[in-house]
Amino acid sequence: MNLKIQILDRYIIKKFLGTYFFTIGLIIVVMVIFDFAEKLDDFTELKAPLSQIAFKYYLNFIPYFINQFSGLITFIAVIFFTSKMAYNTEVIAILSSGVNFKRFLYPYFLSSLVITIVSLVLNLFIIPVSNQHRIDFESQYLKKGSRVNFEKHIYRQIIPGTFVYIRDYMAQTKRASFFVLESYDDGAIVSSLEAEKVRFDEETQRWTASEYVQRYFDGEIEYFERKSGMDTMINLSSEELGKVSNLIQTMNYSELNNFIKQQKSKGSDMVEVFEVEKYSRIAYPAATFVLSLIGVSLSSRKVRGGTGLHIGIGFTLCAVYILMMKFAEEFAKGGVLPPLLSVWLPNILFAVIAVYLYKKAPK
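Numbering (our numbering), first residue to last: 1 to 363.
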């Protein structure tokens, strides 16, 4: 009996992982072809070297893509081969031989563990590095990625009550067209420093300009002085001048944790955005187990309509899950729910669905 179970385990694991990696490989090939066709004009016009396209862009694009759709592909893989087993009455034969449904799930969870570990390694360590190379390539060789690393309008909190606004910062020249440093007390502005055509020195972390205007506010009364030779230092690194979405994507888990601590000390109002990114890197790989349980429980019963019906239901559930993830992220960023709860909420709700389907599955 033990030998038969071991053979069964190997059979399911081989089917699961084989279908998963085959599906991922197939989708990657299709996505790369479509993406290349879409961006061919940019590659040609901006004279992107073929070696850079292959090794700096697509080699780093693939891990990012795999991780984005890993849960969905896992779900499809489980439903596809399990429903075929059910249609061929293999599941009935397995359960009739004395293997209970809980034991039947063992190789599925073992396979899910492998995928989860791979996804976590990608999420926490590999993808941040590959994202940096991918974003650098996009900023250099794609028109829509031009200056992708920097926002047109940068507004950051330096310390509680002190804000900086920087307009049109150019990374190549380290210059900005406009710079404002504002101080607030109990929500009312008390002073501001304004300058045009400012330059940032990365070594000294100082902002300089030939002249600037210093304003002071006393209630509704405003005083201002025009001065020459602005030379000021603010608690803002050159990395923080980057586009926030790109900045946090290029940080590994340790760097992201340190960055969040730094932003909390500054009283930044974007901490929730950073925490969503942090918790998502663990929550999404963990969803592999939940989606696998739903997939097995759903597709292990032989029904009229067979694989097509199971895949249709699977796609619907996946669409709902992805929609819930997006809504939960926005709730967290808007301060409606704590980031940790928001990110894990789809997993929790789908875990309830998974338990219900498990109880209804053929035993």
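We put the CB at the ideal spot given by N, CA and C, even for glycine. Note that this is a predicted model, so its numbers are computed, not measured.
Could you name the residues that DSSP lists as bridge partners for residue i?
{"i": "methionine 230", "result": "Ala209"}
{"i": "aspartate 185", "result": "Ala188"}
{"i": "glutamate 225", "result": "Gln214"}
{"i": "glutamine 157", "result": "Phe163"}
{"i": "glutamate 201", "result": "Here residue 201 is aspartate; the residue named in the question, glutamate, does not match the sequence. Aspartate 201 is bridged to Arg206."}
Run through DSSP, which three-state label would residue i get?
{"i": "glutamate 196", "result": "strand"}
{"i": "alanine 176", "result": "strand"}
{"i": "valine 164", "result": "strand"}
{"i": "methionine 170", "result": "strand"}
{"i": "leucine 105", "result": "coil"}
{"i": "asparagine 257", "result": "helix"}
{"i": "lysine 360", "result": "helix"}
{"i": "serine 51", "result": "helix"}
{"i": "methionine 31", "result": "helix"}
{"i": "lysine 243", "result": "coil"}
{"i": "serine 299", "result": "helix"}
{"i": "leucine 337", "result": "coil"}
{"i": "methionine 251", "result": "coil"}
{"i": "methionine 270", "result": "coil"}
{"i": "valine 99", "result": "coil"}
{"i": "glycine 18", "result": "helix"}
{"i": "leucine 345", "result": "helix"}
{"i": "serine 111", "result": "helix"}
{"i": "glutamate 220", "result": "coil"}
{"i": "threonine 288", "result": "helix"}
{"i": "asparagine 88", "result": "coil"}
{"i": "asparagine 235", "result": "coil"}
{"i": "leucine 120", "result": "helix"}
{"i": "lysine 56", "result": "helix"}
{"i": "leucine 142", "result": "coil"}
{"i": "lysine 152", "result": "coil"}
{"i": "leucine 46", "result": "coil"}
Taking all protein chains shown into account, do 16 or more other C-beta atoms lie within 10 angstroms of the C-beta of residue i, making it buried, or fewer, making it exposed?
{"i": "methionine 233", "result": "exposed"}
{"i": "arginine 226", "result": "exposed"}
{"i": "serine 192", "result": "buried"}
{"i": "alanine 93", "result": "exposed"}
{"i": "isoleucine 221", "result": "exposed"}
{"i": "valine 296", "result": "buried"}
{"i": "isoleucine 348", "result": "exposed"}
{"i": "alanine 366", "result": "The requested residue 366 does not occur in the structure, where the chain is confined to residues 1 to 363."}
{"i": "phenylalanine 16", "result": "buried"}
{"i": "arginine 10", "result": "exposed"}
{"i": "leucine 366", "result": "Examination of residue 366 is not possible in this model, given that the chain is present from 1 through 363 alone."}
{"i": "glutamine 205", "result": "exposed"}
{"i": "glutamate 211", "result": "exposed"}
{"i": "leucine 370", "result": "The first residue shown for the chain is 1 and the last is 363, placing residue 370 beyond what the model contains."}
{"i": "threonine 369", "result": "Nothing about residue 369 can be reported from this structure: the residues present for the chain run from 1 to 363 only."}
{"i": "isoleucine 154", "result": "buried"}
{"i": "isoleucine 79", "result": "buried"}
{"i": "proline 49", "result": "exposed"}
{"i": "tyrosine 356", "result": "exposed"}
{"i": "isoleucine 7", "result": "exposed"}
Whole-angstrom Cβ separation of residue i and residue j, contact assumed at under 8 Å?
{"i": "isoleucine 62", "j": "isoleucine 28", "result": "6 Å"}
{"i": "arginine 281", "j": "leucine 124", "result": "6 Å"}
{"i": "lysine 302", "j": "alanine 37", "result": "The Cβ separation is near 41 Å, so there is no contact."}
{"i": "glutamate 196", "j": "phenylalanine 224", "result": "Not a contact, Cβ separation roughly 15 Å."}
{"i": "alanine 354", "j": "valine 290", "result": "5 Å"}
{"i": "asparagine 246", "j": "isoleucine 159", "result": "The pair is not a contact, with the Cβ atoms about 24 Å apart (cut-off 8 Å)."}
{"i": "alanine 283", "j": "valine 190", "result": "Their Cβ separation, rounded to whole angstroms, is 42 Å, which puts alanine 283 and valine 190 out of contact at 8 Å."}
Query raised in the report: Can we say the region 264-279 touches the region 325-340, given the rule of at least three CB pairs closer than 8 Å?
Result: Between the region 264-279 and the region 325-340 there are three or more inter-stretch CB-CB distances shorter than 8 Å, so the stretches are counted as touching.
Requested in this report: Decide yes or no for the touch test of the region 319-328 against the region 101-121: beta carbon pairs closer than 8 Å, at least 3 of them.
Outcome: Too few Cβ pairs lie closer than 8 Å, so no.
Query raised in the report: Would you call the region 245-260 and the region 203-220 touching, i.e. three or more CB-CB distances under 8 Å?
Result: For the pair of segments examined, the region 245-260 was found not to touch the region 203-220: the number of CB pairs separated by less than 8 Å stays below three.
Query raised in the report: Does the pairing of the region 77-84 with the region 165-177 give three or more beta-carbon distances under 8 Å?
Result: With the cut-off at 8 Å, the region 77-84 and the region 165-177 do not touch.
Query raised in the report: Can we say the region 102-112 touches the region 123-141, given the rule of at least three CB pairs closer than 8 Å?
Result: The region 102-112, when compared against the region 123-141, does not touch it at the 8 Å Cβ threshold.
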